[in-house]
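Report on one structure; see the data block that follows.
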Ligand SMILES: [Zn+2]
Ligand SMILES: [Zn+2]
């Protein structure tokens, strides 16, 4: 067996990535035996390139999926991408703009063609990246939300919802982006508190000279569209004015004074202006009082002809002019500073304008009831469990979902409008004549559906629904969903609603919500901060396995993940350690591997089998509970601190039974495989295989805990060896001796441990590089002594001449450490955020450094 000297993941990772696919290792089949484990990917945007958040998500998914596959489950990880309506349309429109073309001039068909072209060229980027990073998806089942099959599912759901009375078209106040020129769902608007003003404006009451009603507004330009002012029926201050009218300043329009709860006697002046066309609450009040709706702002955020002298002005310019005019005329009573909540378009950050428009809505209340019930009954569980509360809060307060978007890229709404009689026809197949008037003049609705409409069907549309496919029967409901909290409502909630409605069954049993990847200072990563870690750059630098391991180490449920260069660096060292262990083993096994494997297990063989068994118990339980950090820590501890640091050292001393060592290593590789798939496949493929063994470690059995393999006797024996060696090492470190220098000493012991130590005298002495006498007696007081419960060890430490250069270096290092600790302890931001445990340990270290420095001077 030969193995390259240096661990170079770049040499073999791309090879295995492709080989797994070419060999159909991840291919699922409904006919396969085993329990079903199925999972659909949160489809990344087709515009996307892989970012570190994807890599975390895919690593967590991949660990769980590979584990299930190795357990012998019938495992499917279904991949795919989302057409991502607005996002994609913006990318291509921007490209066209760079070529000097306005996409609107191109026309709908040409533009769509252009997007498909773009998708063919760059839409596969994220897939290629995922393959390279070893995501064990079944690529033969890859789906795209605009595939013909998925589009059929979308149409079926739209029409069925309409037929069931759960979908309607109506005139409503929507969030409108004057830049993207489309309606937005509530979720696509981000709100932020912004410093603004409250303008108090006096409206003269008609027929009562000198009497005014003062309204307060944050958006004075909308007054141009006022059609009433409201007072509260319980507000004695104004009751005498009910039935009268006011004169709208600037527009010189007479508008009624109405009684409505919209006016809150406790807020402002107790009088409010009513603008039904530009405010959602006023829109409702307008309906109650049959008020006209005067639209003074258009789709582009410009003032309409109805705004009179302000027509064609931008809405913000109109605000300045309106305020100036009011001031000039004396109608502006006062201006207050006021904090208001401004909604902006999630995509382009333009201030959203509430506008009345005709849109398609899904009636969500009846759907939400079912979606609440399946979580209450425990059919669907969230991990961590606190997300359940967030889910309920949203579901209980759900509003109808505006599903139409004024875009070109997406699923066109399957509705047709008759030009003759204005009838609207919703149908699965394109109609040719109007069923009401027989006219052939039918025009399809120009809107497309919200991107989340199609991804809401993802768990069943990807498995072939509305057809009754074998895949659907076998893999639905899926077992698990792993995703980020940011799409809990956009996506997870909608999948639950639509899955329950159309499949009559939940879409998944468990939802695991992962954290965010943050930088060394716990900051969110963002392009503007320049702290973004590109997964492709770091995997090239450290190897995919090392980056995966670094991510997993921080991935405790319910916490964010800190990813640093140091952590990736040390994970690479971990991979390197395993590589070197393999090299060492392979060199010793030589040709006689098979013969050697029959050897009677030695004490260290029994010990490593017992440790491996314990590690398997922890790893299985931790993966099952999504405690990825624990999996990583256990594997790290096992490979580094048990297998490499002790077992291989003990093997060097005994020098025999290499076959047993290789067998233990093979089991350990399988244990590590879900976390570090490339390294383990590369090494596993070099081991000798028996006929009938699987072709890939990805298909080999995952090690399971076996009570028969626990060996407390062997564990006790090796623990004694470790205890004695550690004593000698401590003494040596304290004396600052060269670790290679051979020493002499005595091991005093008064318990049964001494006999054990004597039995392993050879191993202890060789590993610790000491020649020991073993004495069953009390140790004399000695200067260079260290003790444990079982032993006292005394070593003859030779006097070493003091090295002034080394001493100076040590002093400098100590001073540096002290300065660092003091800086940390003086940083208030750090202190307020860091856990107490961390702060305490820094304090303790600082005290220790200071004591050491004091001793030196
Ligand atoms: Zn926008
Ligand atoms: Zn008609």
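Residue numbers (our numbering): 110 to 966. Positions of the beta carbon are idealized from the N, C-alpha and C atoms, including for glycine. All figures in this text were calculated on a predicted structure; none of them were measured in a lab.
- Following the DSSP letters along the chain, one finds residue 811 in no beta strand (DSSP E), marked with neither H nor E.
- With a threshold of 16 other beta carbon atoms within 10 Å, residue 914 falls short and is exposed.
- Around the beta carbon of residue 537, a 10 Å sphere encloses fewer than 16 other beta carbons of the protein chains shown; the residue is thus reported as exposed.
- Considered as a whole, the stretch 579-619 harbours 579-584, 603-612 as its complete alpha helix (DSSP H) runs of no fewer than 4 residues, in chain order.
- Assigned with DSSP and collapsed to three states, residue 568 falls in helix.
- Here the stretch 146-156 makes contact with the stretch 187-198; the two share three or more CB pairs at distances below 8 Å.
- Under the three-state reduction of DSSP, residue 623 is assigned to strand.
- Rounded to whole angstroms, residue 243 and residue 117 show a C-alpha spacing of 16 Å.
- Considering only 400, 309, 514, 635, the residue with the shortest C-alpha distance to residue 283 is 514.
- Ligand 1 approaches residue 456 closely enough that one of its heavy atoms is under 7 Å from the residue's Cβ.
- Listed by position in the chain, the residues whose beta carbon lies within less than 6 Å of some heavy atom of ligand 2 are 527, 529, 530, 532, 543, 545, 546, 548.
- Distances between the C-beta of residue 506 and the heavy atoms of ligand 1 are all 7 Å or more.
- Residue nearest to residue 451 within the set 679, 465, 306, 642 is 306 (criterion: CA-CA distance).
- Note that the C-beta distance between residue 566 and residue 263 is below 8 Å.
- Of all alpha-carbon atoms in 401, 632, 471, the one lying nearest the alpha-carbon of residue 509 is that of 471.
- Residue environment: residue 197 is assigned as buried (16 or more neighbouring CB atoms within 10 Å of its CB, all protein chains considered).
- Taking C-alpha positions only, residue 119 is separated from residue 181 by approximately 30 Å.
- By the C-beta criterion, the stretch 638-656 is judged to be in contact with the stretch 670-679, since at least 3 inter-stretch pairs fall below 8 Å.
- Closest option to residue 857, judged by alpha-carbon separation, among 838, 868, 895, 824: 895.
- Residue 151: not part of any beta strand (DSSP E); DSSP gives it neither H nor E.
- About 6 Å separates the CB atoms of residue 410 and residue 423; that is less than 8 Å, so the two are in contact.
- Sequence-distant partners of residue 641 (beyond 5 residues in either direction) whose C-beta falls short of 6 Å from its own C-beta, in its chain, are 634.
- Cβ atoms of residue 259 and residue 252 come within 8 Å of each other, at about 6 Å.
- The alpha helix (DSSP H) runs lying completely inside the stretch 707-745 and spanning 4 residues or more are 712-733, 737-745, given in chain order.
- Judged by pairs of C-beta atoms under 8 Å, the stretch 744-757 touches the stretch 774-785, as three or more such pairs exist.
- Counting only residues of its own chain and dropping the five nearest sequence neighbours on each side, residue 534 has a CB closer than 6 Å to the CB of 525, 540.
- Separation of residue 389 and residue 400 (C-alpha to C-alpha, rounded to the nearest whole angstrom) is 14 Å.
- Judged by DSSP secondary structure, residue 389 falls within the alpha helix (DSSP H) whose first and last residues are 389-398.
- Look at residue 286: its beta carbon is less than 7 Å from one of the heavy atoms in ligand 1.
- DSSP places residue 695 in no beta strand (DSSP E) but in the uninterrupted alpha helix (DSSP H) bounded by 674-698.
- Relative to the Cα of residue 548, the nearest Cα in the group 530, 555, 556 belongs to 530.
- Less than 8 Å separates the beta-carbon of residue 339 from that of residue 383.
- Residue 462: member of the beta strand (DSSP E) spanning 462-471, first to last residue.
- DSSP places residue 282 inside the beta strand (DSSP E), whose first and last residues are 276-286.
- For the pair residue 545 and residue 134, the Cα-to-Cα distance works out to about 56 Å.
- Checking the DSSP bridge columns, you'll see residue 900 partnered with 858.
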